[in-house]
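Here the protein sequences come in this chain order: A and B.
Per the numbering used here, residue 39 is the first one in the first sequence, and the count goes up by one each step.
Per the numbering used here, residue 39 is the first one in the second sequence, and the count goes up by one each step.
Beta carbons: idealized from backbone N, C-alpha and C, even for Gly.
All of these numbers come straight from a predicted model, not from anything done at the bench.
First comes the structure, then the notes that go with it.
There are 2 protein chains.
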Amino acid sequence: MIEPALRALVEPRRREILALIRDRELAAGEIATRFSVTRPAISQHLAVLREAGLITERRAGTRRLYRARPEGAAELRTWLADLWDDGLGRLKDAAEDEARADQEAGR
Amino acid sequence: MIEPALRALVEPRRREILALIRDRELAAGEIATRFSVTRPAISQHLAVLREAGLITERRAGTRRLYRARPEGAAELRTWLADLWDDGLGRLKDAAEDEARADQEAGR
DNA sequence: ATGCTACGTCAGTTGACACTTACGTAAGTG
DNA sequence: CACTTACGTAAGTGTCAACTGACGTAGCAT
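Dropping the structure here:
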């Protein structure tokens with residue numbers, strides 16, 4: 039399930055949206071005014087972020103308030119950690135490889 | 039510079055490639071045989087991963103050996119941590135500046 | 001009911017991306 | 001030298017994602 043999150047975070051505007059609603063709630067329209075794209079575009083971005091589990095939606099009257107969802111990033115972070123940090127000797131091995139590569143390159 | 043890394047990781051095959059060369063070196067051709075796509079496709083994936091700083095390339099004769107580069111993920115992980123855990127709002131302000139600049143530029 | 005506000009959604013266009021085939025190239029082998 | 005191996009690169013194609021403009025809808029007030 040990390041794929042939707044990664045795909046959501048690739049878009050620069052979606053990352054900016056996340057930063058905007060990281061520690062304060064904002065309505066869709068308020069978010070849209072901060073960007074140069076049209077309001078429907080922001081609405082679609084919010085849908086992508088919501089389906090990725092990265093934000094929460096709360097309805098208040100005619101408005102919809104959004105906020106970043108911290109748990110959404112947890113899965114992504116553990117996946118990222120597993121991909122590289124698993125096991126202990128990997129960094130050492132990589133360093134040895136680089137040393138060997140430098141040597142063979144005649145540096 | 040997190041954008042190239044994110045863009046590289048969105049592709050499922052590139053993530054599989056990374057997992058393959060996480061703790062062992064592999065030649066481009068050997069990697070290609072593990073997938074159903076053609077060898078040039080894998081070569082293009084490797085170029086994307088290399089430009090994102092996620093892998094290292096080492097030439098040995100006519101072959102090119104690839105391996106995951108642990109440091110490549112460090113930047114991505116700190117960015118991910120800052121996006122949610124940073125209590126000071128520095129990243130948020132930066133994003134707002136970007137959004138405002140984007141808007142004022144009329145993009 | 002009428003009107004207004006703050007949204008989401010649909011339809012269509014454009015640009016980016018992954019893929020294929022064909023070609024070019026550097027390093028080793030007879 | 002020619003020949004093969006192990007690659008990267010170029011050109012073209014199909015697909016998907018982001019955008020715009022038009023439309024539909026829920027909530028509130030008059």
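Assign residue 59 of chain A to one of three DSSP states: helix, strand, or coil.
coil
What residues of chain A sit near residue 68 of chain B, judged by a beta carbon separation below 8 Å?
By Cβ distance, chain A contributes nothing, its closest Cβ being about 16 Å from residue 68 of chain B, past 8 Å.
Put residue 70 of chain B into one of helix, strand or coil per three-state DSSP.
helix
Using only the alpha-carbon positions, how far apart do residue 67 of chain A and residue 77 of chain A sit?
7 Å
Beta-bridge pairing of residue 97 of chain B - partner residues as DSSP gives them
B:102
Start and end residues, alpha helix (DSSP H) containing residue 88 of chain B
77-89
What does residue 64 of chain A pair with, by DSSP beta-bridge criteria?
A:104
Residue from A:116, A:70, A:106 whose Cα sits closest to the Cα of residue 60 of chain A:
A:106
Rounded separation between residue 104 of chain A and residue 94 of chain A - CA only:
Going by the C-alpha atoms only, they are around 6 Å apart.
Mapping DSSP to helix, strand and coil, what is residue 44 of chain B?
helix
Beta carbon of residue 118 of chain B, beta carbon of residue 111 of chain A: below 8 Å?
Yes, these two residues count as a Cβ contact at 8 Å.
How many Å lie between residue 46 of chain A and residue 97 of chain B at the Cα?
36 Å
Return the residue from the list A:53, A:109, A:79 that minimises the CA-CA distance to residue 70 of chain A.
The residue from A:53, A:109, A:79 with its alpha-carbon nearest to that of residue 70 of chain A is A:79.
C-beta atoms of residue 229 of chain B and residue 113 of chain B nearer than 8 Å:
Here chain B has residues from 39 to 145 only, and residue 229 of chain B is not among them.
Integer Cβ distance of residue 65 of chain A from residue 101 of chain A, believed to fall under 8 Å
4 Å
Determine the contact status of residue 43 of chain B and residue 121 of chain B, defining contact as a CB-CB distance below 8 Å.
no
Going by C-alpha distance, which of B:115, B:86, B:90, B:51 is nearest residue 73 of chain B?
B:51
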